[in-house]
Amino acid sequence: MPNCDIPGNLILKVAVPVPLDRLFDYLPPLGVNVTELQAGVRVLVPFGKRQQVGILLAVADNSSVRMDKLKPAIAVLDTQPLLADTDIQLLRWASRYYHHPIGEVLAAAFPVALRQGRPALLQRQPCFGLSPQGRLVAPEQLRRAPKQQALLALLQATGSAMTAAALSAYKPALKALLDKGLVTAHESVPGGGLAVTKSVLPANPDQQAAIDAVIANLGRFAVSLLEGVTGSGKTEVYMQIIAEVLAQGKQVLVLLPEISLTPQLEQRFLKRFAVNLVSTHSKLTDNQRLQAWLSMQQGHAAIMLGTRSALFTPLPRPGLIILDEEHDSSFKQQEGFRFSARDVAIARAKGLGIPVLLGSATPSLESMANVAQHRYQLLHLPNRAGNATAPSFQLLDIRNKRMQAGLSEPLLAEIHETLAKKQQALIFLNRRGYAPVQICHGCGWVSRCRRCDANLVIHAADRLLRCHHCGSEQPLPKQCPACKTGELQALGLGTERIERTLASLFPDKVVIRLDRDTTQRKGSLEQYLEQIHDGGVDIILGTQMLAKGHHFPGVTLVAILDIDSGLFSIDYHGSERLAQLIVQVAGRAGRADQPGKVVLQTRHPQHPLLETLLSKGYRAFAQSALQERRQAGLPPFGHQALLRVQAGKAEEPQQFLQAVCQKISELNPGKVQVLGPVTAPMARRAGLFRYQLLLQSPQRKELHHLLDNLLPAIYALKEAKKVRWSLDVDPVDLY
DNA sequence: AGCACGCCGACT
DNA sequence: GTCGGCGTGCTC
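Sequential numbering of the first sequence, starting at 341, is according to this note's numbering.
Okay, here's the thing in structure tokens:
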């Protein structure tokens, strides 16, 4: 009955950023020539009682909505599409693949300012960069960059000789390039010209092979995995490939897992490349992010450096996508539109017909499997650059050993020895706070969170008990809240406690703690890193963040205090993460003249994971872990989707998942396995009861076919209205 | 997700 | 008599 043709009327099909997986139809705004409207422009539309900025996806001559329900759009906000058709197709594909509403998926491709309807206006003003000398330079100096680029192209085209005329036209650009070491001037040639060549920058044979392999792929789709140990010179490989892409006049997108790594790489790139470079991350203002996005979208910038959300930046001259530290789980968005930036980057490159370069010292098991199946090309950098030797590992069996606050005596001896040689020690413990729980020795009371299935962590410096899951906190009790008489004790270890122990054991040494609590203040991490590099620190202690990217050349001893929790994780990703963590943390140590030593404290020295990893290396570990995954039918050999639910009363998620299971059985899922419903590993969090249902199939197609039919049914369930639910396709975290 | 409407308890 | 609690329903 609905489908009504409206002769002579054209209908706008608009994606609106609301959690409803459909398009909304509008009449064109008054006075707008509909035939000139293109998909990819923003439109301001009335939506219920409010206004929304939507994206026009199509103009049609019919609507399935009754004519009297159609409202005219308020305004068209752009004269040109902000997204290219290939990117709209990519986003529509991602919406289907992740089963996430199209309007929200499209919104994720835009910087906040554009989502709010601000004009897509590129300003020239707020761009600053670093000069080769590391000084902040103003816009005029940066504006020279296109000339430098043109000069490089000229040299490429004409060989080496520059005429006197070209020399005078490009004098400042040439000087800049000489300063950067990108060109070498040889001698004067007759007529007042100059012989200039592009410098051959140093690359060892492995690096050169990797560079050549990726350059050979330019202009077509291919995925390369650059497996390079820490210090093997991955960045140099990236830069030489980027130089070639830039010489071809194309753009490069570089994705990184963490904002703390962006400035480092940005400085190296700015020193090297004579082109406009922009970077984007969450510490920038909305307008700064808008400007970075627009300068890429309008082709002014040639390189964009950014985190996950930068993936969708429009590229009018796409050349290459690089995704560094590809194993890092922060490439998976963990809320809302739960996409994998790695997987979507590959889909995007395929659509654009360009190569993707994935880099890691510890590639994900998925990528290793793709190499084995010849879907990805493996490029290997097995050696550390500059003769640096790989660190040696030592498993320290701490069973029945005397410990001082988590530090065994042999480890303390190692630390003493290292400090005596004026070298630095790095100590890793992935638990912040003073102690993970407080307990009453008299009555057994424990510091439990009232809203979560978790303990309150002692934060001694703040004199607080704090929940790491919901953030609630209370003053540190001085007497037992239950029996009032028993002695309160701190149970277990956190970085804060280790810090105190180290300070008392090494009173004349400088100990620095790096965790979320000490680096919350903006710029404090950078300050600490500088202090460490200047050598004013003897012991570096910290969590996760030590494992990522930063190199500490003065460190020769690395200790991981507790690896056992990773050995027996409930999530099957645990062993992969532990192996990556061990190799990554180990990579922080050692330099050319001083090989590093890595000490792992464990009560399970015979654990097969450790034996394989330490005696045969990461690749052998990955192979055996993949073998286990294959036997268990787990990813990447099986495919998963996780339905999570939470609500204020325990019955509501239960009833919801029961109804979902009923629907699944009606839809006859074939080979799709249904695991659950079960309570989530943390059954209650922030006062909400949490449950989940895992769907798994050996065939991706079958799983997605089921989801295609199941999702509309879930939206229609009356039980769905009482809960908060979300679907996670290819989950990397089963919590 | 917002934002309405709508029908039952404690306040000026 | 109203203010406001959050259940249910809709958004072209």
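The beta-carbon is built from N, C-alpha and C at its ideal position, and this holds for glycine as well.
Looking only at its own chain, which residues have a Cβ that is under 7 Å from the Cβ of residue i, when we skip the five neighbours before and after it?
| i | result |
| --- | --- |
| residue 433 | 687 |
| residue 707 | 565, 666, 698 and 716 |
| residue 986 | 993, 1028, 1029, 1030, 1063 and 1064 |
| residue 930 | 728, 729, 731, 896 and 936 |
| residue 758 | 765, 896 and 897 |
| residue 842 | 851, 879 and 881 |
| residue 418 | 381, 382 and 460 |
Around the C-beta of residue i, are 16 or more other C-beta atoms found within 10 angstroms, so that it is buried, or is it exposed?
| i | result |
| --- | --- |
| residue 364 | buried |
| residue 407 | exposed |
| residue 1078 | This structure cannot speak to residue 1078, because the chain is shown only from 341 to 1075. |
| residue 394 | buried |
| residue 511 | exposed |
| residue 540 | exposed |
| residue 464 | exposed |
| residue 748 | buried |
| residue 386 | exposed |
| residue 375 | exposed |
| residue 636 | buried |
| residue 496 | Note that residue 496 scores a pLDDT of 49, beneath 50, so its modelled location is shaky; the value from the coordinates is reported in the next line. Answer is exposed; the Cβ neighbour count stays below 16. |
| residue 590 | buried |
| residue 550 | buried |
| residue 997 | buried |
| residue 373 | exposed |
| residue 340 | Residue 340 cannot be examined here, being either before or after the span of the chain that is shown, 341 to 1075. |
Specify the secondary structure class of residue i as computed by DSSP and reduced to three states.
| i | result |
| --- | --- |
| residue 904 | helix |
| residue 508 | helix |
| residue 1024 | strand |
| residue 426 | helix |
| residue 813 | strand |
| residue 366 | strand |
| residue 477 | Because residue 477 sits at a pLDDT of 47, beneath the cut-off of 50, its placement in the model cannot be relied upon, and the point is left open. |
| residue 1036 | strand |
| residue 713 | coil |
| residue 694 | coil |
| residue 977 | coil |
| residue 1051 | helix |
| residue 577 | helix |
| residue 914 | helix |
| residue 622 | coil |
| residue 744 | strand |
| residue 652 | helix |
| residue 1064 | strand |
| residue 445 | helix |
To which residues of the same chain is residue i closer than 6 Å at the C-beta, ignoring the five residues directly before and after it?
| i | result |
| --- | --- |
| residue 664 | 596 and 699 |
| residue 412 | 367 and 369 |
| residue 733 | 938 and 954 |
| residue 586 | 615 and 642 |
| residue 662 | 578, 594 and 697 |
| residue 976 | 706 and 709 |
| residue 721 | 546, 568 and 572 |
| residue 606 | 619 and 645 |
| residue 1025 | 792 and 809 |
Look up residue i in the DSSP assignment and give the residues it is bridged to.
| i | result |
| --- | --- |
| residue 567 | 700 and 720 |
| residue 879 | 765 and 851 |
| residue 415 | 384 |
| residue 351 | 400 |
| residue 795 | 788 |
| residue 933 | Per DSSP, none; premise fails for residue 933. |
| residue 780 | 828 |
| residue 1019 | 1031 |
| residue 450 | Answer is none; residue 450 lacks a bridge partner. |
Excluding five sequence neighbours on each side, which residues of the same chain lie with their C-beta closer than 8 Å to the C-beta of residue i?
| i | result |
| --- | --- |
| residue 823 | 780, 782, 783 and 785 |
| residue 702 | 667, 919, 920, 923, 924 and 958 |
| residue 377 | 352, 368, 396, 399 and 416 |
| residue 789 | 795, 796, 807, 809, 810 and 812 |
With a cut-off of 8 Å, do at least 3 Cβ pairs link the segment 852-871 to the segment 733-750? no
Quick one: any contact between the segment 1054-1074 and the segment 674-693, if contact means 3 or more CB pairs under 8 Å? yes
Segment contact flag, the segment 882-891 with the segment 905-914, C-beta cutoff 8 Å, min 3 pairs: no
For the segment 427-441 against the segment 592-612, do three or more pairs of beta-carbon atoms, one drawn from each stretch, fall closer than 8 Å, so that the two count as touching? no
Say whether the segment 762-782 touches the segment 861-881, bearing in mind that this needs 3 or more beta-carbon pairs closer than 8 Å, one atom from each stretch. yes
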